[in-house]
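Student: The structure under discussion is supplied below as structure tokens; questions concerning it will follow.
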């Protein structure tokens, strides 16, 4: 095999890619445990599980952990809800609110939301809106909601993102904790830091 | 095809397949490189750039090394299948397991069809299945590579979903395997056909070269033809103009010939009229000749009569001459008597003188002498009277002779005049005969002229026919010339078309050659 200049350069480039990859995997230290983003949330006008109006004003002056789910979900939601409850218990700060937005307003009325949330933490705020309102908000959060149903016909299930979002007191998404990145200790540590920052 | 050929063919196809795969490898490595960057675009808004970049570079680095060392080989294809499916997974990571990102799996598998190798498809399907299963497992177990967690599904991670996805992947893989086999067969078939074609083309190369030289020659010939046909067209146009001039000239000639024919016809008729007139003249002249002959005859008779008259007159003249001669004798006699009387008278006078001297005795004598004198005187008087008579006779004789002579002279004159007349008549007769001869000759000439006129008329008729034939020939020639012009124009056009065709042919030949 002849080693031309071109070939040598290509080999070097391949090695660079591999090295850089390994560095990213093992050497690189990112600022956040979660995925770092910076996106403002606007035009929220939903009803909470008490029947009060919830606008983005309520997102301001307080930090929020935000999760999308539905009460009949038995795949992702219960695990994430449990994790949120645990986080809520570890972070006592009154500067943190935990928001649960139902993505199934057809089945989740305010009453069932209230009953569902009572099983977790008192700091949990359930939000409900029309399908259009929900769609508008989930778009802002890049939440994917599938319209493909599976599971038992008596309790149809649909796929959706299981991300937990940290929204700061400026109503800005700061970090995302997707499934697989929801280590509670790490999250608690990071969220406490973020609350302190704000 | 013998075994050797078959082997050669198979080797050729295998070679071509390797060539194709080298190209395909190049294409896929470029595609993989593009993925590294494209996936980064998909991370925007998801905060997953690191999540995507680290495995992207890992997969691409491995792929590139494989490409460098094993391009064109099966191992490269299999690594690439693995890599492209890994990028599917990375893309799914990038958007946090967004369902739509799974479409990349199907697209990427379709890209692998470029290899026409069902192994790559199967490898890819297996890769994605293993990755999903493994990732699902590690996700369930919450595993990560280094600091990076493994996320495939973001909405629960049930095995039923893995199974659902797997069914679609298997289904697509089956379709792609079918097509890859079909395409490979197609490729082999095409290459074999191409090889056959190439062999044929190699054989045809010489023909192509020949054809090329023929094409070049044809182009040259066509150029010549083109030039010549243009020249011909120009010449033919000139010829057409000349033919028109010729036609006009012939028409003029024809009209002249017609005029000649008309004139000669008139001439012939007039010659015939003249001939008739000549016949009349000849007849008239013949009659005149006959009349002259008769006149001549009469003249001859008159002449003989005149000669007789002359003879008579001559006789008369000689008689008169004789009388004159007799008169002269008589005169001489008379003169002799006169002389005698005179002498007697003189003697009587002398006798009276002597008687007077002899006195009375001579008386008686004197009386006789006197009587004798008286007698002598009477005699003298008678002689005188006779002489006067004779003188009158002579006068008359002389007058008669004169008249006779005049008559003879007149006769002579008449005869001489007559002979002149006769001569004139004879001359006239001769002239008349000559005239008849001349008239006859003239008649012949006129007849000749008439014949000639007829001949000319006939000739002019024939000439006219010939002229018409010439005219029709000329018009035929003209038509032909026009046709010729048209044909030459056509030829030019055809030559031009042929030129473009041959140019195309040339281009085709060049293409064929290259």
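Protein chains in written order, with my numbering: chain C, 1 to 198; chain S, 199 to 712.
Glycine included, each C-beta is placed from N, C-alpha and C at the ideal position.
With a threshold of 8 Å between beta-carbons, can residue 41 of chain C be considered close to chain S, or not?
Tutor: Taking the first residue of the first chain as position 1, residue 41 of chain C is located at position 41. No, no contact with chain S.
Student: Anyone know if the C-beta pair for residue 393 of chain S and residue 207 of chain S falls short of 8 Å?
Tutor: To locate residue 393 of chain S, count along the second chain from 1; it is residue 195. To locate residue 207 of chain S, count along the second chain from 1; it is residue 9. Yes, the Cβ-Cβ distance between residue 393 of chain S and residue 207 of chain S is below 8 Å.
Student: So, are the CB atoms of residue 91 of chain C and residue 192 of chain C less than 8 Å apart?
Tutor: Taking the first residue of the first chain as position 1, residue 91 of chain C is located at position 91. Taking the first residue of the first chain as position 1, residue 192 of chain C is located at position 192. Yes, these two residues count as a Cβ contact at 8 Å.
Student: Could you list which residues in chain C have their beta carbon closer than 9 Å to that of residue 296 of chain S, in chain order?
Tutor: Along the second chain, read from residue 1 onward, the residue named residue 296 of chain S stands at position 98. Correct list: 142, 144, 161.
Student: CB-CB under 7 Å to residue 216 of chain S, same chain, minus the five flanking residues each way: which ones, in chain order?
Tutor: Position 18 of the second chain holds residue 216 of chain S. Around residue 216 of chain S: 270.
Student: My output table needs one value for residue 59 of chain C: the three-state DSSP class, helix, strand or coil.
Tutor: Position 59 of the first chain holds residue 59 of chain C. It is coil, neither helix nor strand.
Student: Return the chain-ordered list of same chain residues with a C-beta closer than 6 Å to the C-beta of residue 704 of chain S, the five sequence neighbours on each side being excluded.
Tutor: Locating residue 704 of chain S in the second chain gives position 506, where the first residue counts as 1. Only 413 meet the Cβ criterion.
Student: Taking Cβ to Cβ, would you say residue 452 of chain S is nearer than 8 Å to residue 641 of chain S?
Tutor: Translated into positions along the second chain, residue 452 of chain S becomes position 254. Translated into positions along the second chain, residue 641 of chain S becomes position 443. No; because the gap between Cβ atoms is not below 8 Å, this pair is not in contact.
Student: Three-state secondary structure (DSSP) at residue 160 of chain C?
Tutor: Residue mapping note: residue 160 of chain C aligns to position 160 of the first chain, counting from 1. The answer is strand: DSSP assigns residue 160 of chain C an E or B state.
Student: Identify whether residue 354 of chain S lies in helix, strand or coil by the three-state DSSP scheme.
Tutor: To locate residue 354 of chain S, count along the second chain from 1; it is residue 156. Low confidence applies here, because residue 354 of chain S scores a pLDDT of 49, under 50, leaving its location unreliable; read the following figure in that light. The answer is coil: DSSP assigns residue 354 of chain S none of H, G, I, E or B.
Student: If you count every other CB in all the chains shown that lies within 10 Å of the CB of residue 674 of chain S, and 16 or more means buried, which is it?
Tutor: The residue you call residue 674 of chain S lines up with position 476 of the second chain. When all chains shown are included, residue 674 of chain S counts as exposed.
Student: Taking residue 252 of chain S as the query, report the chain B residues whose CB atoms sit under 7 Å from its CB, ordered along the chain.
Tutor: Chain labels in this structure do not include chain B; the protein chains are C and S.
Student: Considering only the alpha carbon of each residue, which of S/211, S/250, S/634 lies closest to residue 386 of chain S?
Tutor: Within the second chain, numbered from 1, the residue matching residue 386 of chain S stands at position 188. When only C-alpha atoms are compared, the closest one is S/211.
Student: Report all residues from its chain with a CB closer than 6 Å to the CB of residue 570 of chain S; omit the five preceding and five following residues, and keep chain order.
Tutor: Stepping through the second chain from its first residue, residue 570 of chain S is reached at position 372. Taken in chain order, the residues that qualify are 546.
Student: Give the range of the beta strand (DSSP E) segment to which residue 124 of chain C is assigned.
Tutor: For the purposes of this step, residue 124 of chain C is taken as the residue at position 124 of the first chain. Per DSSP, residue 124 of chain C belongs to the beta strand (DSSP E) from 124–128.
Student: Suppose contacts are defined by Cβ-Cβ distances below 8 Å. Is residue 287 of chain S in contact with residue 329 of chain S by that definition?
Tutor: In the second chain, the residue the question calls residue 287 of chain S occupies position 89. In the second chain, the residue the question calls residue 329 of chain S occupies position 131. Contact flag set, yes.
Student: Please list the segments of the alpha helix (DSSP H) lying wholly inside the stretch 260–298 of chain S, counting only runs of 4 or more residues, in order along the chain.
Tutor: Listed in chain order, the complete alpha helix (DSSP H) runs (minimum 4 residues) inside the stretch 260–298 of chain S are 272–292.
Student: How many angstroms separate the CA atom of residue 2 of chain C from the CA atom of residue 223 of chain S?
Tutor: Counting from 1 along the first chain, the entry for residue 2 of chain C is found at position 2. Counting from 1 along the second chain, the entry for residue 223 of chain S is found at position 25. Using only the alpha carbons, I get a separation of about 19 Å.
Student: Assuming the contact rule is C-beta atoms closer than 8 Å, residue 188 of chain C and residue 87 of chain C should be a hit. Round their C-beta distance to whole Å, please.
Tutor: Counted from its first residue, the first chain places residue 188 of chain C at position 188. Counted from its first residue, the first chain places residue 87 of chain C at position 87. About 6 Å; that satisfies the 8 Å criterion.
Student: Apart from the five residues just before and just after residue 40 of chain C, which ones in its own chain have a Cβ nearer than 7 Å to its Cβ?
Tutor: Numbered from 1 along the first chain, position 40 holds the residue referred to as residue 40 of chain C. 171, 172.
Student: Give me, in chain order, the residues of the same chain whose beta-carbon lies closer than 6 Å to that of residue 69 of chain C; leave out the 5 immediate sequence neighbours on both sides.
Tutor: Indexing the first chain from 1 puts residue 69 of chain C at position 69. The residues are 77.
Student: Using 8 Å for Cβ pairs, my map puts residue 261 of chain S next to residue 230 of chain S. What's the rounded Cβ distance?
Tutor: Stepping through the second chain from its first residue, residue 261 of chain S is reached at position 63. Stepping through the second chain from its first residue, residue 230 of chain S is reached at position 32. That belief holds up - the Cβ atoms of residue 261 of chain S and residue 230 of chain S are roughly 5 Å apart, short of 8 Å.
Student: Is it buried or exposed, residue 557 of chain S, if we count other Cβ atoms within 10 angstroms and call 16 or more buried?
Tutor: Within the second chain, residue 557 of chain S is the residue found at index 359, counting from 1. Residue 557 of chain S should be labelled exposed.
Student: Buried or exposed: residue 302 of chain S, going by 16 or more other Cβ atoms within 10 Å of its Cβ?
Tutor: Along the second chain, read from residue 1 onward, the residue named residue 302 of chain S stands at position 104. Buried, because 16 or more other Cβ atoms sit within 10 Å of the Cβ of residue 302 of chain S.
Student: For residue 539 of chain S, is the classification buried or exposed, using 16 other Cβ atoms within 10 angstroms of its Cβ as the cut-off for buried?
Tutor: For the purposes of this step, residue 539 of chain S is taken as residue 341 along the second chain, with counting starting at 1. It is buried - the Cβ of residue 539 of chain S has at least 16 other Cβ atoms within 10 Å.
Student: In angstroms with no decimal places, state the Cα-to-Cα distance between residue 15 of chain C and residue 9 of chain C.
Tutor: Numbered from its first residue, the first chain carries residue 15 of chain C at position 15. Numbered from its first residue, the first chain carries residue 9 of chain C at position 9. Roughly 10 Å separates the two Cα atoms.
Student: Determine which residues share a DSSP beta bridge with residue 691 of chain S and list them.
Tutor: As a working mapping, residue 691 of chain S is identified with position 493 in the second chain. DSSP, once it has assigned bridges, lists no residue as partnering residue 691 of chain S.
Student: 8 Å is my cut-off, CB to CB: does residue 178 of chain C come that close to chain S?
Tutor: As a first step, residue 178 of chain C must be located in the first chain, where it is residue number 178. So yes, residue 178 of chain C belongs to the interface.
Student: Assuming contact is defined by CB atoms lying nearer than 8 Å, are residue 308 of chain S and residue 282 of chain S in contact in what I supplied?
Tutor: Residue numbering aside, residue 308 of chain S sits at position 110 when the second chain is read from its first letter. Residue numbering aside, residue 282 of chain S sits at position 84 when the second chain is read from its first letter. No, these two residues do not count as a Cβ contact at 8 Å.
Student: Give the C-beta separation of residue 306 of chain S and residue 246 of chain S to the nearest angstrom, bearing in mind that I take them to be a contact with Cβ-Cβ under 8 Å.
Tutor: Walking along the second chain from the start, residue 306 of chain S turns up at place 108. Walking along the second chain from the start, residue 246 of chain S turns up at place 48. No, residue 306 of chain S and residue 246 of chain S are not in contact; Cβ-Cβ is about 19 Å, not under 8 Å.
Student: Since residue 457 of chain S and residue 648 of chain S should fall inside the 8 Å C-beta cutoff, what is the C-beta to C-beta distance between them, to a whole number of angstroms?
Tutor: Here the question's residue 457 of chain S lines up with position 259 in the second chain. Here the question's residue 648 of chain S lines up with position 450 in the second chain. Between residue 648 of chain S and residue 457 of chain S the Cβ distance is about 19 Å, and since that is not below 8 Å, they are no contact.
Student: What in chain S is Cβ-close to residue 7 of chain C, meaning under 8 Å?
Tutor: Here residue 7 of chain C refers to the residue found at position 7 of the first chain. Those are 266, listed as they occur along chain S.
Student: Between the stretch 221–245 of chain S and chain C, which residues of the former have a C-beta closer than 7 Å to a C-beta of the latter?
Tutor: Those would be 243, 244, 245, in chain order.
Student: Examine chain C for any beta-carbon lying closer than 8 Å to the beta-carbon of residue 270 of chain S, and answer yes or no.
Tutor: Translated into positions along the second chain, residue 270 of chain S becomes position 72. No, residue 270 of chain S does not count as interfacial toward chain C.
Student: Is residue 256 of chain S close to chain C? Criterion is C-beta to C-beta, closer than 8 Å.
Tutor: Position 58 of the second chain holds residue 256 of chain S. So yes, residue 256 of chain S belongs to the interface.
Student: Write down the C-beta distance between residue 424 of chain S and residue 694 of chain S rounded to the nearest angstrom, noting that I regard them as a contact closer than 8 Å.
Tutor: Numbered from 1 along the second chain, position 226 holds the residue referred to as residue 424 of chain S. Numbered from 1 along the second chain, position 496 holds the residue referred to as residue 694 of chain S. Contact flag correct, Cβ pair sits at about 7 Å.
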